[in-house]
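Numbering of the sequence shown is given in the numbering used here, commencing with residue 955 and proceeding in unit increments. Cβ coordinates follow ideal geometry from the N, Cα and C atoms, glycine included. Everything numeric in this text was worked out from a predicted model, so none of it was measured. Worksheet: the structure to be examined is printed underneath.
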Amino acid sequence: MRFLQPVIQFVLHLGYFGPLVMGVLDSSFLVLPFGNDIMVVGLVAHHRQSMVWYILSAAFGSTLGVLMLALVSRELGEQGLCRIVGEKRYDKLRNTMGKRAGLAVALAGLAPPPFPFTSVIAAAGALDYPIWRIGIINFFSRGVRFTVLAVLAMEFGQAVMNIVRSSAFEWGMIIFIAFCAIASGFSIWRWLRKPSNREK
């Protein structure tokens, strides 16, 4: 089966623009766990000489997505964000972050799913943590994460490409894409829905 072959070829042809776009989507309101990680690994494994540019592109794209998310969260305020992420989760985030919002943002950028990346960034925005600090911290923490992945991709590049070309990987990606589409739709609905009278 070569269902995903055109998709893979398209991604490879996007070059430096691919991680940038995926970074914006992955770090905003959509649900794309490991989306940019997989893209960076695949691109570096295929074009080792461009590793630094892929890392920078992915980190910059992620930062753009994070800034959008933080700005919207600030506009919604604590009450609006509490409605979206749930009262218990928001209270936990607020109590945990406190004066350590910067550390929480850094950990969110470094940690893989299921770490609540979107919730942490949204909470930092709603709690009035400086937007410029969120952006800078996210850029460097994501940069570290993508650098580690890129080095691993260079070390095991051929093995990575063999896995990508396998039928098992393609079926897994089809399921993964379907999951992301459903989860992203639900995420967008939560952010756009209007509060009920009981929630006002």
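Taking a 10 Å sphere around the C-beta of V1006, we find fewer than 16 other C-beta atoms and assign the residue as exposed.
Counting C-beta pairs closer than 8 Å gives fewer than three between the stretch 1097-1113 and the stretch 1042-1059, which falls short of the contact rule. Below 8 Å, enough C-beta pairs join the stretch 1070-1082 and the stretch 1029-1036 to call them touching: three or more. By the criterion of a C-beta distance shorter than 7 Å, A1104 is surrounded in its chain by V994, V998, M1005, Y1008 and I1009, once the five residues flanking it on both sides are discounted. If you look at F1071, you'll find it in the alpha helix (DSSP H) that goes F1071 to A1080. Taking a contact as a CB-CB distance under 8 Å, the pair V1059 and I1085 does not count as one, their CB atoms being some 11 Å apart. Membership of Y1044 in the alpha helix (DSSP H) is indicated by the continuous run E1041 to M1051. Here the alpha carbons of S1016 and L1023 stand approximately 11 Å from one another.
Here DSSP, grouped into helix, strand and coil, assigns F1110 to coil. Cα atoms of I1075 and G1019: separation of roughly 10 Å, rounded to the nearest angstrom. Considering only Y970, E1109 and F1071, the residue with the shortest C-alpha distance to G1056 is F1071. Here DSSP, grouped into helix, strand and coil, assigns S981 to coil.
Around the CB of N990, 16 or more other CB atoms lie within 10 Å, so the residue is classed as buried. Assigned with DSSP and collapsed to three states, G969 falls in coil, not helix or strand.
When the Cα atoms are used, L1061 and G1040 turn out to be separated by approximately 21 Å. Classified as buried, P973 has 16 or more neighbouring CB atoms from the shown chains inside 10 Å of its CB. The Cβ atoms of F1094 and F1014 lie no closer than 8 Å to each other. If you ignore the 5 residues before and after R1028, its C-beta comes within less than 8 Å of the C-beta of G1079, A1080, D1082 and I1085, all in its own chain and listed in chain order. In this structure, the CA atom of R1096 is about 25 Å from the CA atom of A1132. The alpha carbon of G969 has as its nearest neighbour, out of S981, R1002, L979 and L1106, the alpha carbon of R1002.
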